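**Q**
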Amino acid sequence: MFNLILFGPPGSGKGTQSEKLIVRYGLKHLSTGDLLRSEISRQTALGMEAKNFMDKGQLVPDEVVIGMISSALDENPGAKGFLFDGFPRTSAQAEALDKLLDLKKTAIGVMLALDVSEEELVKRLLKRGETSGRTDDNNELVIRARITEYRNKTEAVADYYRQFDKVVMVKGEGSIDEIFEGLCKEIDNRI
Ligand code: AMP
């Protein structure tokens, strides 16, 4: 089993690259943002609680997302491996993920961290907001709040994996295919 985390700030291309990576490597894509948006569209209690945070660009409480990931792991017993996208976003989530994977006798193989300048992130997110239908993409204040949450709470997650020598920075600017090849090269070195 090979599990990887695709890491980076909002707008760094995690969703786009995940779609391509799961096809090439046969991994199961677990995006907490997608799972939360699905809960919102089904108007579940979890979705309604999460929406209050998401609309403000704030992180949803750890226990909510950890519970979702735990269920998703249980629901996919035959997976060849998981690609975590947008998770973990806090050190507490990272520790919980390690424990969940440990119970399944597996672990994170590598964290690939997409490197993109802040100017480019805001530009991409505003552009995505024109077509994505995501309310958190078409308001610059919410975008800035999401980037602030990333700097304050999420960046430290890379330090958590760095202590186990699992972090690789990958250039996140350029064409979609160039970035994809950069990611594949790192995976192929480790798989
Ligand atoms: P994303 O689709 O990854 O950009 O996530 C959209 C929003 O969902 C974020 O701004 C957070 O409010 C929430 N969210 C997604 N993943 C997480 C997570 N792992 N922890 C907390 N909140 C999350």
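Mapping the sequence shown onto numbering that gives the first Met the number 0, position 54 (from 1) lands on 53, and the numbers just tick up by one.
Just so you know, even glycine gets a beta-carbon here, dropped at the ideal spot from N, CA and C.
Note that the coordinates shown come from a computational prediction; the quantities given were computed from them, not determined experimentally.
Using only the heavy atoms of ligand 1, determine whether one of them is closer than 7 Å to the beta carbon of Arg-143.
**A** False, no ligand heavy atom lies under 7 Å from that Cβ.
**Q** Taking its Cβ as the centre, do 16 or more other Cβ atoms sit within 10 Å of Pro-9, making it buried, or is it exposed?
**A** buried
**Q** Short of 6 Å in beta carbon distance, which residues of its chain neighbour Met-67, apart from the five on each side in sequence? Order them along the chain.
**A** For Met-67, where only same-chain residues beyond five positions count, the Cβ hits under 6 Å are Leu-34.
**Q** Can you tell me whether DSSP reads Ala-78 as helix, strand or coil?
**A** coil
**Q** Using the three-state DSSP reduction, which class does Phe-6 fall into: helix, strand or coil?
**A** strand
**Q** Does ligand 1 have even one heavy atom less than 7 Å from the beta-carbon of Val-115?
**A** no
**Q** Beta strand (DSSP E) containing Leu-113: first to last residue?
**A** Under the DSSP assignment, Leu-113 falls in the beta strand (DSSP E) whose first and last residues are 107-114.
**Q** Go through its chain and collect everything with a Cβ distance to Gly-46's Cβ below 6 Å, but skip five positions before and after it.
**A** Glu-38, Ile-39
**Q** Counting C-beta neighbours from all protein chains within 10 Å, is the total for Thr-147 16 or more, i.e. buried, or is it exposed?
**A** exposed
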